[in-house]
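> The structure follows.
Number of protein chains: 2
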Amino acid sequence: MNTPNLTKNQALVLDVLSRSEQPMSAYTILDKLRDNGFRAPLQVYRALEKLLDFGLVHRLESLNSFVACSHKHESCCQHHGTVAFAICEKCGQVSEFHDHAIDDRLRGWAQQKGFKAEKTTIELRGLCSACMG
Amino acid sequence: MNTPNLTKNQALVLDVLSRSEQPMSAYTILDKLRDNGFRAPLQVYRALEKLLDFGLVHRLESLNSFVACSHKHESCCQHHGTVAFAICEKCGQVSEFHDHAIDDRLRGWAQQKGFKAEKTTIELRGLCSACMG
DNA sequence: CAATCTATGTAATAACATAACACGACCATT
DNA sequence: AATGGTCGTGTTATGTTATTACATAGATTG
Numbered sequence: 001m002n003t004p005n006l007t008k009n010q011a012l013v014l015d016v017l018s019r020s021e022q023p024m025s026a027y028t029i030l031d032k033l034r035d036n037g038f039r040a041p042l043q044v045y046r047a048l049e050k051l052l053d054f055g056l057v058h059r060l061e062s063l064n065s066f067v068a069c070s071h072k073h074e075s076c077c078q079h080h081g082t083v084a085f086a087i088c089e090k091c092g093q094v095s096e097f098h099d100h101a102i103d104d105r106l107r108g109w110a111q112q113k114g115f116k117a118e119k120t121t122i123e124l125r126g127l128c129s130a131c132m133g
Numbered sequence: 134m135n136t137p138n139l140t141k142n143q144a145l146v147l148d149v150l151s152r153s154e155q156p157m158s159a160y161t162i163l164d165k166l167r168d169n170g171f172r173a174p175l176q177v178y179r180a181l182e183k184l185l186d187f188g189l190v191h192r193l194e195s196l197n198s199f200v201a202c203s204h205k206h207e208s209c210c211q212h213h214g215t216v217a218f219a220i221c222e223k224c225g226q227v228s229e230f231h232d233h234a235i236d237d238r239l240r241g242w243a244q245q246k247g248f249k250a251e252k253t254t255i256e257l258r259g260l261c262s263a264c265m266g
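Here it is in structure tokens:
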């Protein structure tokens, strides 16, 4: 899944997400793109679907929101196994990380149980160091 | 957080969830409980909120659904650290498991980054062994 | 040119979740 | 018994997230 040329809508959505410090819901993205001709949620969801496929964007399940992948451009996260997220409840900052040991344990469990994992979600909700005070 | 006596609504919701082979959305639960006098989503959500607190029910973030905790009664999951779920896309079966090594790695990452995790979500989506064929 | 594929636009609706307000049961204290 | 507090509950309305269905336009290819 190499990152192909993006369509206009995909580029707009990715741009908005990339500039944001925080995850955004589809509807927030929609609002930001009204001036660019976006009228309906579907325009956002369709762009997001592709961007997720390309690995340029991640979906945060526990927030029903989306973030741009923090691994800037070219050859993104595919190489790193599962992506984990630490989400600060206070400031909204999201840290993306990878851990091979965790991947191994999950793979081990799946193998032992005969479970074939297509997609793995790991999300920590809490407070980042800056917000702990 | 010991498991206290449940109220009528909490008991009804837990009962419905416990009998189900699959995770249920709040609205599906609501439908099942119409005959018991449930009329509005809030009745379900309020019961779920408490059951989640008690650790008798888990929320599956990637499904916007709920399951009864598989550790039957008394002294549930609190003792096991983070709970992980493997969810079969085909049959809906959910397997709940715990892994101390994963807990350790996540704790290690958090400690190193100064992140205080309040709640951790681990969900595998895929196919269970019975559905792989 | 037709056939097809992909991206797009629009409207309507479905699915998930919460806010706001009211009422009654229970319990403690006065 | 009266007061006040907390908690569970019921109801209506509303807010938020996501999808279905249908129509159009452009590019590509046989």
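Line order of the protein sequences matches chains A and B.
Counting with the working numbering, you get residues 1 to 133 for the letters of the first sequence.
Counting with the working numbering, you get residues 134 to 266 for the letters of the second sequence.
Yeah, the Cβ is synthetic: ideal placement off N, Cα and C, and Gly gets one too.
Taking the alpha helix (DSSP H) that Leu239 (chain B) falls in, what are its first and last residues?
Position 106 of the second sequence holds residue 239 (chain B). Leu239 (chain B) -> alpha helix (DSSP H) spans 233–246.
> Going along the chain, which residues of the region 179–205 of chain B sit with their C-beta nearer than 7 Å to a C-beta in chain A?
The residues in question are Glu194, Ser195.
> Would a C-beta distance cut-off of 8 Å place Leu33 (chain A) and Met24 (chain A) closer than the cut-off?
Stepping through the first sequence from its first residue, residue 33 (chain A) is reached at position 33. Stepping through the first sequence from its first residue, residue 24 (chain A) is reached at position 24. Going by C-beta atoms, Leu33 (chain A) is not nearer than 8 Å to Met24 (chain A).
> Let me see if you follow: with CB-CB separation under 8 Å, is Ala101 (chain A) close to chain B or not?
To locate residue 101 (chain A), count along the first sequence from 1; it is residue 101. So yes, Ala101 (chain A) belongs to the interface.
> Just checking: is the beta-carbon of Met157 (chain B) within a distance shorter than 8 Å of some beta-carbon in chain A?
Here the question's residue 157 (chain B) lines up with position 24 in the second sequence. No, because no Cβ of chain A sits closer than 8 Å to the Cβ of Met157 (chain B).
> Residues of chain A with CB under 9 Å from Glu251 (chain B), in chain order?
The residue labelled residue 251 (chain B) in the question sits at position 118 within the second sequence. Those are Glu89, Leu124, Arg125, Gly126, Leu127, listed as they occur along chain A.
> I need the straight-line Cα distance from Cys77 (chain A) to Gly170 (chain B), nearest angstrom please.
Indexing the first sequence from 1 puts residue 77 (chain A) at position 77. Indexing the second sequence from 1 puts residue 170 (chain B) at position 37. Any reading at Cys77 (chain A) must be qualified, since the residue scores a pLDDT of 49, below 50, and its modelled position is unreliable; the value itself is stated next. Going from the Cα of Cys77 (chain A) to the Cα of Gly170 (chain B) covers about 49 Å.
> In the DSSP output, which residue or residues are listed as bridge partners for Val94 (chain A)?
Within the first sequence, numbered from 1, the residue matching residue 94 (chain A) stands at position 94. Its beta-bridge partners are A:Ile87.
> Cutting at 8 Å between CB atoms, please list the residues of its own chain near Leu106 (chain A), excluding the five before and the five after it.
Sequence index remark: in the first sequence, residue 106 (chain A) carries index 106 (1-based). So the qualifying residues of the chain are Thr82, Ala117, Thr120.
> State the DSSP-derived secondary structure class of Thr121 (chain A), mapped to helix, strand or coil.
Reading the first sequence from its first residue, position 121 is the one you call residue 121 (chain A). Residue state, collapsed to three classes: strand.
> Under 8 Å between the Cβ atoms of Leu259 (chain B) and Phe115 (chain A)?
Residue 259 (chain B) sits at position 126 when you count from the first residue of the second sequence. Residue 115 (chain A) sits at position 115 when you count from the first residue of the first sequence. For the record, residue 259 (chain B) in the displayed sequence is Gly; it is not Leu. In this structure, Phe115 (chain A) lies closer than 8 Å to Gly259 (chain B) by Cβ.
> Reducing DSSP to helix, strand and coil, say where Arg172 (chain B) ends up.
As a working note, residue 172 (chain B) is residue 39 in the second sequence. Of the three classes helix, strand and coil, the one that applies to Arg172 (chain B) here is coil, per DSSP.
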